[in-house]
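Position in the sequence shown (from 1) plus 25 gives the number in our numbering. Read the structure below first, then the notes.
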Amino acid sequence: MLFGPAISGSNLPVYTLSGVRLRLAGTNAAIRNDARADVLIYNETEFATGGSPVSLLGTGTGTMTFGNIVSGVGGFVIDRTPPASNFRTTDTTPAGSVVLSSANTFTGDTTLRNGVLRLENVSALGAAGNRLIIEPGTSQLRLVAGTSTNNYSFDTVVNTGATLNLLTRNGSSSTVNTYARVISGAGGLFVGGYKINPGSFESSSIAMGVAQLSGANTYTGATTIGERNSLFAGTIVLNGAGGALSNTSGIVINSDSRLLLANTGTGGAFNANRVNNAAPITLRGGVIAITASATINVPETLGNLTLDGGVGTLSVRTSPSSGSAGLYFDSLTRNNWATLLVAGGNASNLPALGTGAPGASAVGTIKFSSSLVGDLVGGNGIAGSKTISILPYATGTVFTNFSSTSLSGSRYGTDLVTYDAANGLRLLTSSEYQNTAPTLGNVTTANTNFQLLSAGSGSLGTGGGAYYGNAFVLSPATNGSLYTTGNGTNSTVHVKSGVIVSAGGDGTNTPAFIGARGSGSTLALDFGGRDGYVYDTGFYALEIGANLQNIGALVYTSRGDANTEYPLLGMQGLTLTGNNSNTALVVNGTQFMNPATVRWAQEDSLGAPGAPVILANGRLLYTGVVGTLGSLDRPIQLAGAGTLAAAEYGGSFVYSGDITGDGALFIAPGPRRKDVNGSTYLSFTTARITGNLLHTGPTTVEGNVDLTIDSPLNLQNTLTTNGKVVLNNTVSGAGDMFVGQGTDTSYQYGNLTINGAHQGTGTVRVQYGTLAVAGDTSLPTNAAQFESGSLVFLNSGTITRPLTFTSGTIQVSAGKTVTLASLLQSSSGINFSGEGNLSLTGDTSGLRGPVSFGGSGAYTISGNASVSGDITVGGTLAGPKLIVDHGAGAPAAGRIGDTARLSIGGTSSEVRVVGQAGANTVEDIKSLSSGDGGTLTLAHGSGGSLSLNLLGGPVVANGFGLLIVRGDNLGAATTNAERASLFIPGQAAGLLSGLRVGASSTATGTLPAAYDPATGVRPAIL
26 MLFGPAISGS NLPVYTLSGV RLRLAGTNAA IRNDARADVL IYNETEFATG
76 GSPVSLLGTG TGTMTFGNIV SGVGGFVIDR TPPASNFRTT DTTPAGSVVL
126 SSANTFTGDT TLRNGVLRLE NVSALGAAGN RLIIEPGTSQ LRLVAGTSTN
176 NYSFDTVVNT GATLNLLTRN GSSSTVNTYA RVISGAGGLF VGGYKINPGS
226 FESSSIAMGV AQLSGANTYT GATTIGERNS LFAGTIVLNG AGGALSNTSG
276 IVINSDSRLL LANTGTGGAF NANRVNNAAP ITLRGGVIAI TASATINVPE
326 TLGNLTLDGG VGTLSVRTSP SSGSAGLYFD SLTRNNWATL LVAGGNASNL
376 PALGTGAPGA SAVGTIKFSS SLVGDLVGGN GIAGSKTISI LPYATGTVFT
426 NFSSTSLSGS RYGTDLVTYD AANGLRLLTS SEYQNTAPTL GNVTTANTNF
476 QLLSAGSGSL GTGGGAYYGN AFVLSPATNG SLYTTGNGTN STVHVKSGVI
526 VSAGGDGTNT PAFIGARGSG STLALDFGGR DGYVYDTGFY ALEIGANLQN
576 IGALVYTSRG DANTEYPLLG MQGLTLTGNN SNTALVVNGT QFMNPATVRW
626 AQEDSLGAPG APVILANGRL LYTGVVGTLG SLDRPIQLAG AGTLAAAEYG
676 GSFVYSGDIT GDGALFIAPG PRRKDVNGST YLSFTTARIT GNLLHTGPTT
726 VEGNVDLTID SPLNLQNTLT TNGKVVLNNT VSGAGDMFVG QGTDTSYQYG
776 NLTINGAHQG TGTVRVQYGT LAVAGDTSLP TNAAQFESGS LVFLNSGTIT
826 RPLTFTSGTI QVSAGKTVTL ASLLQSSSGI NFSGEGNLSL TGDTSGLRGP
876 VSFGGSGAYT ISGNASVSGD ITVGGTLAGP KLIVDHGAGA PAAGRIGDTA
926 RLSIGGTSSE VRVVGQAGAN TVEDIKSLSS GDGGTLTLAH GSGGSLSLNL
976 LGGPVVANGF GLLIVRGDNL GAATTNAERA SLFIPGQAAG LLSGLRVGAS
1026 STATGTLPAA YDPATGVRPA IL
């Protein structure tokens, strides 16, 4: 069964089959859809293939849906359009998907090789014993049945060296292999989510795809949870007595994604060996959590743990009275200054993590075979002392709850963490802090850990000397602040471990502050040559006005805003205003969507000249005065997602450094803001990049952003714009560009201008918005693709590179002339518009659907071009002109399809049909109509005649104007070799209403129209 491109002249949105039962028979049965139109099969479908599977094939973008029960013995082999390069960022049903929506009863395996398989029913894959086989290719399995837990009824997933890309709908939880159902084979597993409406980076929640795996999975490939560079996070829950990944070669947990080892103890539903002990685990801002209810002990042994940028989280939750759980890793590796959040506790909110022997009741344990004692910094004091050493790169909290989709806790990461060789990681107890601020000149407190708990305890006094401490925790009572008050004093705080935890939020909307408050005073933070770690757990902004000195990297870690969509006054994040000498600036966030933010107005506040910035879920937010151009010239490394933005409406900056790394780059407006009256509004960012984008992750330009890139762009991944992007130099690389993705109308649609040569192997896909090009070489060599939106030609020239439209608009700028000699295809029509002139001379045989010519330009159809669909000409006061030109050569007929309806609207609009010289040129069309006037000009070629035949009946004139038909020797006798004719088969002789005729193709005056069946339309008065 074959579904090809839509029938010539038609505009079918779908092919629908319904009614009697559809029987699929034969050993090589196949359904192939190469169309852009969707195929909806509502028949009951029966396999009668003797057990042979039915192949679902095709390269078209149309979906293929089985909307009724499929029965019999057979199965499917799916080898369709591979998902696009941004396939995890599309909506529910990507192009080319196969959809099974019913409780099917067929027996037989389903093989997924290429394409997207969407299951809308838990029994969509038929009988419970059926297998899903994943073969090498590019494929994706989407589970969308309902919004609560769903137990999918298929037996085994067999990976034959491929990766099972498993996505579930945002907020849903899908059980895919309860009991005996397992994932096996040599392939891997990806688990993520997708949003029903992708929306925008700034305002959308994260798409959390949850897969509960209760079977003993034996696949040997890698496991990836969540997308590295997108909002599409994931969660794997290993539960029940058997839920395990016993042979996986390794696990990567990306930002906002989670691996939950759930042990309830009910009915033996626990397992102390859920993960391959030798499998290395990488946290890229993700979470590993283990839970244990009463009476059970679940010590989980794991391989090496790597923290690869951002904030990784380890969580252990135990019963309040009995039961224990532990995460026992082989070793710990840190890359890109990653930090660690340690979460422990139980239902009684007891800080049980590491406070007792492993395995003891109500105790959680996190240990490493390769001890972390060597990473401790402090006075090496005994347990219970205020000089106990701490891990600078870790903070801790007590969680009262952990579920598959959310962490909860009023304020997290506010406790310091130490490591006990016997008991592992634990939070410091209250006895291990000093609660009053250090005193001036007291060097004996250099190893002391401070936790300032009372109002005003963040004050160091008038200053004028040195203060010493190992680490400082600044509680909400201090508004997360540490400061001197004297005037004209210079002071230094020595921070031995480099750790400052600021928990601002005193209810006065006042930012936390570290620095000198007195007039003419300074405060410096001295880190003794170590890296400085600033943890911001407050609800408002943190400003460090102190100068950072004797420091390695400054590592700033923040969870982002408490109220993510409308942060109070837009003041979240860290503001640096001092003269700082840090050798690197690291910005680590806990969330991809809600990044940690560093605010800057002067570049030297970010560190020593040339010091790199490392972003892992981090944002650099320019806060300079509107009208003042910010300048940033230092390397940026993307160790995760990184965002460049301006805070104020109209803020602008220039970036001239190099961006490297494998993370995603966002150019975004500032956060949504509330003014003092409670009104919310958006910022607008103007940015120019003169440096090099060398990162391998995707680039996204949000709405309300105006970005210009002056340097050559080597696109190694995708570039997506919902704002305005201008590329002034060459484009190379294999990356695709996407314009106007998503449907969030609160942001402008995309606008991409390519002024340089496109030398890459990728293409450009326009969903909404506009692609503007300087000329032919600015288009990709692979056909630019338009789902809708516009293509604008900025300059005159000839276009040879192919173009593919579903629908959309082609415009030529005012005063320019473009010859479109390329392959032009459209499944649903094209609108030609603009104030310039356009000639169609290339292969337009794939141009289907209605075509309109508007604006004020002149359009020519000549050469190899033709238009088979309906044609509308008109729409502006200036009026467009369409020239159907046979004079330039073959063909002498058929430039307009014989089923086409030609409509001319507007008194200034004209269609001119030009005959071939020395030949009898004949055009057949279905009908001719006008709206408010217009002109049809028939110009025969020299020594030849021209006939236009209306096969569908008389001319229809609507509105207030009359259609004017002009032609040389219009309606002359057939003995005249040079003549123009307009024939209306079936029209009776006599006067014609709605028409006036001109005596020649250049005549300005008109006469009443008459009709002669032998010679056609003619002037009534000769």
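Yeah, the Cβ is synthetic: ideal placement off N, Cα and C, and Gly gets one too.
Asked, Found
"Between S164, D355 and A419, which has its C-alpha nearest T185's C-alpha?", "S164"
"Smallest Cα separation from G966: which of A1024, N994 and L352?", "N994"
"Counting only the same chain and skipping the five closest in sequence on each side, list residues whose C-beta sits under 6 Å from that of I539.", "L507, I569 and A571"
"Is S122 helix, strand or coil when you go by DSSP?", "coil"
"Going by DSSP in three states, P1038 sits in which element: helix, strand or coil?", "coil"
"Please report the straight-line C-alpha distance between D769 and T615, rounded to a whole angstrom.", "A caution first: D769 carries a pLDDT of 44, below 50, which makes its placement in the model unreliable, though a value can still be read off. About 25 Å."
"With distances taken between CB atoms, is the gap from L961 to L953 smaller than 8 Å?", "yes"
"Between D868 and the rest of its own chain, which residues show a CB-CB distance below 6 Å, the 5 nearest in sequence each way excluded?", "L848 and N889"
"Mapping DSSP to helix, strand and coil, what is E457?", "helix"
"Please classify T115: does DSSP put it in a helix, a strand, or coil?", "Legend: pLDDT at T115 = 47, less than 50; position of this residue unreliable, no value from coordinates given."
"For a test of the three-state rule: what should DSSP assign to S952, helix, strand or coil?", "strand"
"According to DSSP, simplified to helix, strand and coil, what is T1031?", "coil"
"For T390 versus V323, is the C-beta distance shorter than 8 Å?", "no"
"Secondary structure at G293, three-state DSSP: helix, strand or coil?", "helix"
"Excluding the 5 residues preceding and the 5 following A926 in the sequence, name in chain order all residues of the same chain whose CB lies nearer than 6 Å to its CB.", "The amino acid occupying residue 926 in the given sequence is Arg; Ala does not appear at that position. Once the five neighbours on either side are set aside, the close Cβ partners of R926 are D895, K951 and S952."
"Might you give, ordered along the chain, the residues of its own chain that have their beta carbon closer than 6 Å to the beta carbon of R283, omitting 5 neighbours on each side?", "T260 and V312"
"What is the DSSP secondary structure of E1003, counted as helix, strand or coil?", "coil"
"Roughly how many whole angstroms lie between the Cα atoms of L573 and N329?", "34 Å"
"Would you kindly work out how many angstroms separate the C-alpha atoms of T582 and G438, rounded to a whole number?", "10 Å"
"Please name the residue in G861, S838 and T834 whose C-alpha comes closest to that of P875.", "T834"
"Do three or more CB pairs link the stretch 462-471 to the stretch 485-497 at distances below 8 Å?", "yes"
"Can you pull the DSSP bridge partners for I56?", "L81"
"Would a C-beta distance cut-off of 8 Å place L16 and T946 closer than the cut-off?", "There is no way to answer for residue 16, as the model of the chain reaches only from 26 to 1047."
"Below 8 Å on the Cβ atoms is my guess for H911 versus V939; work out the distance and round it to an integer in Å.", "6 Å"
"Just curious, the beta strand (DSSP E) that F475 is in, first and last residue?", "N474 to L477"
"Taking the C-alpha atoms as reference points, what is the distance between T885 and R920?", "11 Å"
"Starting from P324, follow the beta strand (DSSP E) in both directions and report where the run begins and ends.", "N322 to T326"
"Grab me the residues of T715's own chain with a C-beta within less than 6 Å of its C-beta, minus the 5 sequence neighbours each way, in chain order.", "S681, D735 and S736"
"Can you find the residues in the same chain that come closer than 8 Å, C-beta to C-beta, to I5, ignoring five residues on each side of it along the sequence?", "This structure gives no information on residue 5, because the portion of the chain shown stretches from 26 to 1047."
"What's the call for A664, buried or exposed, on a 16-neighbour Cβ count within 10 Å?", "buried"
"Can you check which of these residues, L816, G1015 and F215, is closest to G246 by C-alpha distance?", "F215"
"Where do the ends of the beta strand (DSSP E) carrying Y680 lie?", "G676 to Y680"
"With DSSP as the reference, label T503 as helix, strand or coil.", "helix"
"CB-CB under 6 Å to S80, same chain, minus the five flanking residues each way: which ones, in chain order?", "A55 and V102"
"Closest by CA to Y444, which one among S456, G403 and G959?", "G403"
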